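A.B. asks: Would you mind keeping the following structure in view while I ask a few things?
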Ligand SMILES: Nc1nc2c(ncn2[C@@H]2O[C@H](COP(=O)(O)OP(=O)(O)OP(=O)(O)O)[C@@H](O)[C@H]2O)c(=O)[nH]1
Ligand SMILES: [Mg+2]
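Numbering (this note's numbering), first residue to last: 119 to 313.
See the structure below:
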């Protein structure tokens, strides 16, 4: 759940990008930074030195009388289980970045398993409603066909998006879907809180 400061009427939502090492998480953040002049870096990164996670902050505007911003976070590589749980705690939605390169199938699966462990669930049910699956690197000449990838990634997401993050294709659409999931919940929480 997003961090809500009712006194100052500010909300910080969190979207976590997750995926195998080299799947394209950083390219997503880079593309979003490039398209969002207002993007900033948060002041309270988990580890100032030798950082294992990248974060950017976007201001989204007003919702139900609150100023809303969102933190987009991506670990470098797969984090260890404790760091992973910390990062996923409070996430309003998760983008699982799939590498379409045929040789990365096992790594994609390992990343999905670590995501499941990180959110504390063991079935696709718990994860799915908060999840956007981004099939990245669709520009590769030997990219796995979509039906092969879908069959190989055992999760039912709320949304899926095809992307070529290194070209900035599909990255904003992915973000839009992740924010949509986050904001639906947030609106409900703020409305209940206001009474
Ligand atoms: N062809 C192609 N290459 C991509 C795409 N997205 C990312 N890459 C390349 O894949 C490599 C890894 O991308 P990153 O964004 O650094 O991957 P990451 O998920 O952040 O990796 P870690 O931080 O190590 O976990 C880089 O050389 C990217 O340029 C894509 O859509 N198409
Ligand atoms: Mg990275």
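For every residue, glycine included, the Cβ atom is placed at its ideal position computed from N, Cα and C. Predicted model only: the values in this text are computed from it and were never measured.
Is residue 187 helix, strand or coil by DSSP?
C.D. replies: Residue 187 falls in the strand class under three-state DSSP.
A.B. asks: Taking only the alpha-carbon atoms, compute the straight-line gap between residue 229 and residue 245 and give it to the nearest angstrom.
C.D. replies: The straight-line gap from Cα to Cα measures roughly 14 Å.
A.B. asks: Does residue 299 get closer than 8 Å to chain B when you measure Cβ to Cβ?
C.D. replies: Protein chain content of the structure displayed is limited to a single chain, and chain B is not contained in it.
A.B. asks: Any chance the stretch 267 to 274 sits against the stretch 140 to 160, with 3 or more Cβ pairs inside 8 Å?
C.D. replies: They do not touch, by the three-pair rule.
A.B. asks: Considering only residues of the same chain and omitting the five flanking positions on each side of residue 154, which have a CB-CB separation below 7 Å?
C.D. replies: Cβ neighbours of residue 154 beyond the five flanking positions: 176.
A.B. asks: How big is the Cα-Cα spacing for residue 276 and residue 189?
C.D. replies: When rounded, the distance between both Cα atoms is 20 Å.
A.B. asks: DSSP three-state call for residue 255: helix, strand or coil?
C.D. replies: DSSP places residue 255 in coil when its eight states are reduced to three.
A.B. asks: State the CB to CB distance for the pair residue 280 and residue 286, rounded to an integer number of angstroms; the pair is presumed to be in contact (CB under 8 Å).
C.D. replies: In fact, because the Cβ distance is near 13 Å, the residues do not count as touching under 8 Å.
A.B. asks: Should residue 186 and residue 131 be called a contact, given that it needs their Cβ atoms to be closer than 8 Å?
C.D. replies: Their beta carbons are under 8 Å apart, which means residue 186 touches residue 131 by this criterion.
A.B. asks: Please classify residue 276: does DSSP put it in a helix, a strand, or coil?
C.D. replies: Residue state, collapsed to three classes: coil.
A.B. asks: Here's a check: name, in chain order, each residue in its chain whose Cβ is nearer than 8 Å to the Cβ of residue 273, leaving out the five neighbours to either side.
C.D. replies: Only 214, 230, 242, 245, 246, 249, 251 meet the Cβ criterion.
A.B. asks: So residue 219 is in the beta strand (DSSP E); what residue range does that whole segment cover?
C.D. replies: Neither: residue 219 is in no beta strand (DSSP E) and is coded neither H nor E.
A.B. asks: Are residue 259 and residue 184 touching if we call contact CB-CB under 8 Å?
C.D. replies: Against a cut-off of 8 Å, the Cβ pair of residue 184 and residue 259 comes out as no contact.
A.B. asks: Kindly examine ligand 1 and report whether one of its heavy atoms sits closer than 7 Å to the Cβ of residue 123.
C.D. replies: No, since every heavy atom of ligand 1 falls outside the 7 Å radius drawn around the Cβ of residue 123.
A.B. asks: Measure the CB-CB distance between residue 203 and residue 172 and report whether it falls below 8 Å.
C.D. replies: Against a cut-off of 8 Å, the Cβ pair of residue 172 and residue 203 comes out as no contact.
A.B. asks: On a CA-only basis, which of 261, 151, 296, 200 is nearest residue 237? Give me that one, please.
C.D. replies: The shortest Cα separation from residue 237 among 261, 151, 296, 200 belongs to 200.
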